[in-house]
Every structure is written in C-alpha cells, then in structure tokens.
Amino acid sequence: MVKKTTVDEIMELLKTKGVKPTVHRVEILEYLRNSYNHPSADEIYEHFVNEAKLPVLSRATVYNTLRTLASAGLVKVIITPDAIRYDFVRQNHHHFYCTKCKKIYDIELEVELPEISSVDGHEVQNVQLTLVGICKSCLK
-5 MVKKTTVDEI MELLKTKGVK PTVHRVEILE YLRNSYNHPS ADEIYEHFVN EAKLPVLSRA
55 TVYNTLRTLA SAGLVKVIIT PDAIRYDFVR QNHHHFYCTK CKKIYDIELE VELPEISSVD
115 GHEVQNVQLT LVGICKSCLK
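For the sequence shown, the working numbering begins at -5 and goes up steadily by one.
Written out as structure tokens, the structure is:
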C-alpha cells in the first residue's frame, strides 16, 4: 500500500518549488498526490464541495490552482478527448485512455520520449505519451 502524503510534506514540496502554500493549493495537491483517478478540474471541485472540506472554494480557484501547480511542475496535465485531467507528477510513467469507460490508467513502458524543444517554430514545453484504446475491463 502506498503511504499517504501528509500536509506538512505537501507544504514543504510547494515551498521547494517556490509556490506559496495556500490552503487551496495544499488541499488540492494533497488530493492529487493521494489519489490515482486522474480527475478533471470539475471533478476536483465536486470532490471538495461534496466533502465540505473547502466550503468557500470556487471553480475559478480550482482552475487557477491547477494552472499554478502545473506551471511549477507538480502536476501533469493530461489531455483526453472528453476532458483535461490532472495527475500528480510521480516517477516517469505514461497513460492509457479508454474510449469506452473514459478512465485513464497509469502504465509503465520502457519508451524513450524524444527531447524536442521546438517544432515548426513552436516552443515545445512537454512531451507525453498517452495510448488510446479500450481497456481490458471494457473488453470483457
């Protein structure tokens, strides 16, 4: 079983990345760090509203917080056909997106992604591998 990250560890992680550890940033990063469900911003918002953990949370705050965490390299943005999803940056891994159930799975593949800094005059900031298909659960 994976050890849950404490609030103090999250606060320290934010500080090391130069991000002020506000209540919203700490709570959202802790949620992402301790879950593996690759939620969308709306799902994150709903989680906190339903839990009544952050009663004054707005959708705008969730989006702004995710943008800040992604800019600091703490959260990975995963673009799928149905939504933009978020994942805590862990050891290198890739993703598999199921077109039927819409779930995203972490996968470990020995694939070297190319080091690309620009293409056709565009600055490349991130290269990701997301495989798309039907998961083994949906195939049954």
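Glycine included, each C-beta is placed from N, C-alpha and C at the ideal position.
Simplified DSSP state of residue i, which is helix, strand or coil
| i | result |
| --- | --- |
| Arg84 | coil |
| Ile110 | coil |
| Lys70 | strand |
| Tyr30 | coil |
| Met(-5) | Here the model assigns Met(-5) a pLDDT of 44, short of 50, so the residue's position is not dependable and the matter cannot be decided. |
| Glu117 | strand |
| Val13 | coil |
Counted within 10 angstroms of its Cβ, other Cβ atoms place residue i as buried (16 or more) or exposed
| i | result |
| --- | --- |
| His116 | exposed |
| Tyr30 | exposed |
| Lys70 | buried |
| Glu45 | exposed |
| Arg19 | buried |
| Ile101 | exposed |
| Val1 | exposed |
| Val105 | exposed |
| Val56 | buried |
| Ile110 | exposed |
| Val13 | buried |
| Arg27 | buried |
| Leu103 | exposed |
| Thr62 | buried |
| Val(-4) | Confidence in Val(-4) is poor, its pLDDT being 49 and thus under 50, which makes the residue's placement unreliable; the coordinate value appears in the next sentence. Label assigned to Val(-4): exposed. |
| Thr59 | buried |
| Leu8 | buried |
Any C-beta of chain C under 8 Å from that of residue i
| i | result |
| --- | --- |
| Glu104 | Looking for chain C here will not work: only one protein chain is present. |
Same chain only: Cβ atoms within 8 Å of residue i, ignoring 5 sequence neighbours per side
| i | result |
| --- | --- |
| Pro108 | Val121 |
| Ile4 | Pro15, Val20, Leu23, Glu24 and Arg27 |
| Glu17 | Per the sequence presented here, residue 17 reads as Val, with Glu not at that position. Leu48, listed in sequence order. |
Beta bridge counterpart(s) of residue i as assigned by DSSP
| i | result |
| --- | --- |
| Arg19 | Bridge partners of Arg19: none, in fact. |
| Val126 | Tyr91 |
| Arg79 | Ser34 and Ile72 |
| Tyr99 | Phe90 |
Own chain, CB closer than 6 Å to residue i, minus 5 neighbours either side, in chain order
| i | result |
| --- | --- |
| Tyr91 | Thr74, Ile98, Thr124 and Val126 |
Own chain residues within Cβ distance below 7 Å of residue i, not counting five before or after
| i | result |
| --- | --- |
| Ile128 | Cys92, Thr93 and Lys94 |
| Tyr25 | Ile38 and His41 |
Could you check whether the stretch 79 to 89 touches the stretch 25 to 44, counting it as contact only if at least three pairs of C-beta atoms, one from each stretch, sit closer than 8 Å? yes
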